[in-house]
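Novice: Please read through the structure below; I'll follow up with questions.
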């Protein structure tokens, strides 16, 4: 009986060690702000100016979850690029990232819309956690819409900071 206990105890300790997965640097709730450039164009009979470029601020808030070695998240955003062909945008995206230490590359997909329609929103970026509570992110996002007999397209490049709670 003592021989079995000598075998079971190390096996249980090994299983517990394998079951423990360390949380990534990016898990949990966060909020942030960003600045960026938006290039947009519109085609169709109702558009007098077909191309716009504007500098804009934005806000973000989200929550990231660790799933094995990946990070899955959801992020709400508001982009105040009033000079673009679509005006101000707000939306929600799903994010999937692959962290390596304190750097995470990610892709995002979701929906955006404020005026005049709702459309698919997509993008990719990289985030660097420079402190336990702070990170900086750079990303590309885009969306395309058919509206009122025309087509609109947005491309944005942004840099922002996130505070993790």
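Numbering (mature numbering (1 follows the signal peptide of the UniProt record, and there is no 0)), first residue to last: -23 to -1, 1 to 142. Glycine is no exception: its CB is placed at the ideal position from the N, C-alpha and C atoms.
How about the stretch 100 to 110 and the stretch 68 to 81: do they share at least three Cβ pairs that are nearer than 8 angstroms?
Specialist: Contact holds: three or more Cβ-Cβ distances are below 8 angstroms.
Novice: Measure the beta-carbon distance from residue 98 to residue 68 and round it to whole angstroms, keeping in mind my assumption that it falls under 8 angstroms.
Specialist: To locate residue 98, count along the chain shown from 1; it is residue 121. To locate residue 68, count along the chain shown from 1; it is residue 91. With a Cβ gap of about 5 angstroms, residue 98 and residue 68 count as contacting.
Novice: Return helix, strand or coil for residue 94, following the three-state DSSP convention.
Specialist: Sequence index remark: in the chain shown, residue 94 carries index 117 (1-based). Note: residue 94 maps to coil in three-state DSSP.
Novice: Thinking C-beta only, is residue 3 closer than 8 angstroms to residue 74?
Specialist: What you label residue 74 is simply residue 97 of the chain shown in a count that begins at 1. What you label residue 3 is simply residue 26 of the chain shown in a count that begins at 1. In this structure, residue 3 lies closer than 8 angstroms to residue 74 by Cβ.
Novice: Compute the Euclidean distance between the alpha carbons of residue 56 and residue 16, then round it to the nearest angstrom.
Specialist: Reading the chain shown from its first residue, position 79 is the one you call residue 56. Reading the chain shown from its first residue, position 39 is the one you call residue 16. If I take the Cα positions, the gap works out to 13 angstroms.
Novice: Within 10 Å of its beta-carbon, does residue 46 have 16 or more other beta-carbons around it, so buried, or fewer, so exposed?
Specialist: What you label residue 46 is simply residue 69 of the chain shown in a count that begins at 1. The residue is exposed, with fewer than 16 neighbouring Cβ atoms inside 10 Å.
Novice: Expressed to the nearest angstrom, what Euclidean distance is found between the alpha-carbon atoms of residue 126 and residue 66?
Specialist: Within the chain shown, the letter at position 149 stands for residue 126. Within the chain shown, the letter at position 89 stands for residue 66. Answer to the nearest angstrom: the Cα atoms are 20 angstroms apart.
Novice: My output table needs one value for residue 106: the three-state DSSP class, helix, strand or coil.
Specialist: Locating residue 106 in the chain shown gives position 129, counting from the first residue. Three-state result, residue 106: strand.
Novice: In angstroms with no decimal places, state the Cα-to-Cα distance between residue 136 and residue 76.
Specialist: The residue labelled residue 136 in the question sits at position 159 within the chain shown. The residue labelled residue 76 in the question sits at position 99 within the chain shown. Approximately 18 angstroms between the Cα atoms of the pair.
Novice: Helix, strand or coil for residue 46 per DSSP?
Specialist: Taking the first residue of the chain shown as position 1, residue 46 is located at position 69. Coil at residue 46, not helix or strand.
Novice: Could you give the C-beta distance for residue 48 and residue 1, rounded to a whole number, given that I count them as a contact under 8 angstroms?
Specialist: Along the chain shown, read from residue 1 onward, the residue named residue 48 stands at position 71. Along the chain shown, read from residue 1 onward, the residue named residue 1 stands at position 24. Indeed they touch by this definition, with Cβ atoms about 6 angstroms apart.
Novice: In whole angstroms, what is the alpha-carbon distance linking residue 129 and residue 120?
Specialist: Working through the chain shown from its first residue, we reach residue 129 at position 152. Working through the chain shown from its first residue, we reach residue 120 at position 143. Residue 129 and residue 120: Cα-Cα distance of roughly 8 angstroms.
Novice: Candidates 59, 102, 114 and 94: which alpha carbon is nearest residue 123's?
Specialist: For the purposes of this step, residue 123 is taken as residue 146 along the chain shown, with counting starting at 1. The option with the nearest alpha carbon to residue 123 is 94.
Novice: Can you tell me the Cβ-Cβ gap for residue 41 and residue 50, rounded? I've got them flagged as a contact below 8 angstroms.
Specialist: Position 64 of the chain shown, counted from the start, is the residue given in the question as residue 41. Position 73 of the chain shown, counted from the start, is the residue given in the question as residue 50. So it is a contact: roughly 4 angstroms between Cβ atoms.
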